[in-house]
Structure formats: structure tokens, C-alpha cells
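For the sequence shown, the residue numbers in UniProt numbering are 1 to 327.
Please read the structure below before turning to the comments.
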Amino acid sequence: MTLSEGTGRQGGGLTTGEVARRLGVAPTTIRSWDRRYGLGPRVRTGGEHRRWTAEDIARLERMCALTTTGMPPAEAARVARSEQHPDAATAARPAAQPRVRPEPAPSRARTGLRLGDARQECRGLARAALRLDACALDRLLDTVIADHGLVAAWHEVIMPTLQAVGRKWESAGERYVEVEHFLSWHVSGALRRCAPPAVPERSGATTLLACVPGENHTLPLEVLAAALAERDLPVRMFGAALPVEAVVEAVRRTGPAAVGLWAQSRTTASRPLAQHVAAMEWGVRGARRHPAVLTLGPGWAGKAVPGLLRPTGLAEALTALEAAVTG
């Protein structure tokens, strides 16, 4: 079901702000399209208040789809108006002049991100990312995390959108690299905004998170760090590509209850490093401790390390770390 189909059952239509959130564009963008290209609602109530009907929103959806292909906004607006209101587009022509059908525009299926049955919020994020609309993207990310919670927002909205962007990049050469970087950067910022202030560290009850040497994909580890902070569990986050000597020194200096080592690629996952960290000890003689070591990420697939934890997802990793820290 499209946004315009869902709106048709609501009777009074949607406000500009509601339409903007669902389409993933800024309200100022919609007002600009109204003012410049005549894509405003057909009916206004209470003076200048806009109420968008299903037909109105269908034009905006088409406008979004066309502009993401690189079509100039003025031309996209002309096509959107013509497709939705062919009679209005030809009303000013002489009666004897034959009606000319507009040239078909690139279809949405070939140009948009393939999100399948993903939540409506995914589509809003995808549109904002494709348009490189920073304000809309930040607003949508903050809203979806607040509405659904961090874990659900990551699994059901943010990660599917990131995967769709990745597929688009792979199928379109280098055209969409900037979209993936843009979306990842804003997701990282949203994670920092939603996380509570740092939890006071407790001796022997802290989690240390780091990417293995050569690994620069930090975003899943940032989600885990934010989720731990959300649960009032102290965490030290070291980010991308921490050298072996630095990993060992960080563990030695902090004595964490648990260590999470992230590897996105099998070429970076290091079994000797994980085993070395798991064998480290600290504390007084007779009561020395080892950290619980979690091998995180797809890079560890097929590299099971005896005695170490290998959670398969965010929820499982959170459960394992909470048990290690509080147990």
C-alpha cells in the first residue's frame, strides 16, 4: 500500500508536516514545490492551511521518485502534474489539437531503492538519503528511535535502509557511494544523540568494544555501545582498526568484564588476537579474572574460537554482555 492509498481513507487529508515526515523530505521543500511548480493541494481549509488528499500526495510521491533519478525539478514537476491530471495539462490547448501523451519517465522500480515490504519509515529514510537532505534525515532518525526504541529501530528500519543503499551502490557502480557515506554518518550522529550520558565506570564491570586491526566498519559496534549505555551498563568504545598492541594495552589498563571484537570481513577476523585477549588476567593472586570475549560481526563466521562467545545479532550480544557485566 502506498502513502497516497493509505491517506485516501483518512477523509480530512494530511498536514504538510505529516506528508513531509512520510515522504522523507523537509516541509520547506514541499512548500517550495507548491510555490514554484504548482504541486500544492487542491483544497485549502481555514485560509492558508493545507490539507493533502491522496491525489495530491500521489503527485508528490511521483515528484520524489523522478528527482532522485537526477531529473531537473521543473521537468519532474511537469511530468508529475501531467501523469496525475492529464485533462488539466491539456485544457489550455486548442480543441482541434491532438492530445500528446507525456514521454514516459524512468520507472520507480528501476530508480528507487528496493525496500520490498519494509516499514514505511524505511522509505522515508531512503528518500531523505537519496536527496542528501540532512535536516530531514536527522529528524526521521531521531523520531524512529524515540518511537520504537534503539534495538527495534536498528533491526526494523535503519539496517534495512542501509542494506538497500548498499545494494543500490553495488548495482550502480560508483553513483551512490555518497549516499551510503551520508546515511552512515547521520546514523552515527543519531546514535550519539539518543545515548544517555556516559555511565560511571565500575571496576571489573565495564565492557570494552573495538574493531579488530584493519577493520573500519564501526556502525554496528556504535549501535551496541549506545544500547549498552541505554541499559546503564558502562562501556568503553575504541572504534575502528585498533592495533593489536593497543587492544592488549587497553584490556590490561581497564580490566573489563567483557571485550567485544568486531570484524566485518573474514580477512580481518584474527583468532590469535581473540585467544590472546581471552587469556589475559588481572586482579590479586587467588582471585584473578579473565574477560568474557565476544567475537562480533560476519567476519567471524566459520572461525569459531573454543570457549569464546559468538552472538549472532544485537539482541543476543546485549544479553551476553549484560550477563558478563552483572553476573
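Even for Gly, the Cβ is constructed at its ideal location relative to N, Cα and C.
Everything numeric in this text was worked out from a predicted model, so none of it was measured.
Worksheet item: Who are Val235's beta bridge partners in DSSP?
Response: Thr207
Fill in: Option in Thr268, Asp142 and Pro291 with minimal Cα separation from Pro213
Thr268
Discussion item. For a test of the three-state rule: what should DSSP assign to Val19, helix, strand or coil?
Written reply: helix
Fill in: For Val212, the three-state DSSP class (helix, strand or coil)
coil
Worksheet item: Tell me, which residues are paired with Trp262 by DSSP?
Response: Cys211 and Leu296
Practice prompt. For Trp282, write down the residues that DSSP places opposite it in a beta bridge.
Written response: Arg289
Worksheet item: In three-state DSSP terms, what is Leu132?
Response: coil
Worksheet item: Hey, quick one: how far does the alpha helix (DSSP H) through Glu83 stretch, first residue to last?
Response: Pro73 to Gln84
Fill in: Thr326, buried or exposed, once every other Cβ within 10 Å from all chains shown has been counted against 16
exposed
Discussion item. Check this for me: beta carbons of Ala79 and Ala129, under 7 Å apart or not?
Written reply: The identity of residue 79 in the sequence shown is Val, whereas the question assumes Ala. No, the pair does not count as a contact, with Cβ atoms beyond the cut-off.
Worksheet item: From the DSSP output, which residues share a beta bridge with Leu309?
Response: Leu294
Worksheet item: When the Cα atoms are used, what is the spatial distance from Leu321 to Thr207?
Response: 7 Å
Discussion item. What would DSSP say about Leu39, mapped onto helix, strand or coil?
Written reply: coil
Worksheet item: Given a threshold of 16 other Cβ atoms within 10 Å of its Cβ, counted over all protein chains shown, does Pro196 qualify as buried or as exposed?
Response: exposed
Discussion item. Check whether the stretch 287-297 and the stretch 229-246 touch, using three or more Cβ-Cβ pairs below 8 Å as the test.
Written reply: no
Worksheet item: Mind checking Val165: buried by the 16 CB within 10 Å criterion, or exposed?
Response: buried
Practice prompt. Could you name the residues of the same chain whose beta carbon sits closer than 8 Å to that of Arg21, not counting the 5 residues immediately before and after it, in chain order?
Written response: Gly124, Arg139, Leu140 and Thr143
Worksheet item: Exposed or buried, which one is Ala77 when buried takes at least 16 other CB atoms within 10 Å?
Response: buried
Item to complete: Sort out for me which residues DSSP pairs Leu14 with in a bridge.
Response: Trp52
Worksheet item: Exposed or buried, which one is Gly302 when buried takes at least 16 other CB atoms within 10 Å?
Response: exposed
Worksheet item: Can you tell me where the alpha helix (DSSP H) with Pro220 in it begins and where it stops?
Response: Leu219 to Glu230
Fill in: Among Ala263, Glu61, Cys194 and His276, the one whose alpha carbon lies nearest that of Ala229
Cys194
Item to complete: Taking all protein chains shown into account, decide if Cys64 is buried (16 or more other Cβ within 10 angstroms of its Cβ) or exposed.
Response: buried
Discussion item. Rounded to whole angstroms, what is the Cα-Cα separation between Ala323 and Ala257?
Written reply: 10 Å
Discussion item. Measuring alpha carbon to alpha carbon, tell me which residue in Pro73, His181 and Ala278 is nearest Pro306.
Written reply: Ala278
Worksheet entry | Pairwise C-alpha distance: Gly297 and Thr312 | 8 Å
Worksheet item: For Gly124, does the three-state DSSP call read helix, strand or coil?
Response: helix
Item to complete: Thinking Leu219 and Val187 are a contact (beta carbons under 8 Å), I'd like their distance in whole angstroms, please.
Response: 6 Å
Practice prompt. Assign Pro27 to one of three DSSP states: helix, strand, or coil.
Written response: helix
Practice prompt. Using alpha carbons as the reference points, say which of Gly299, Gly260 and Pro272 lies closest to Leu318.
Written response: Gly260
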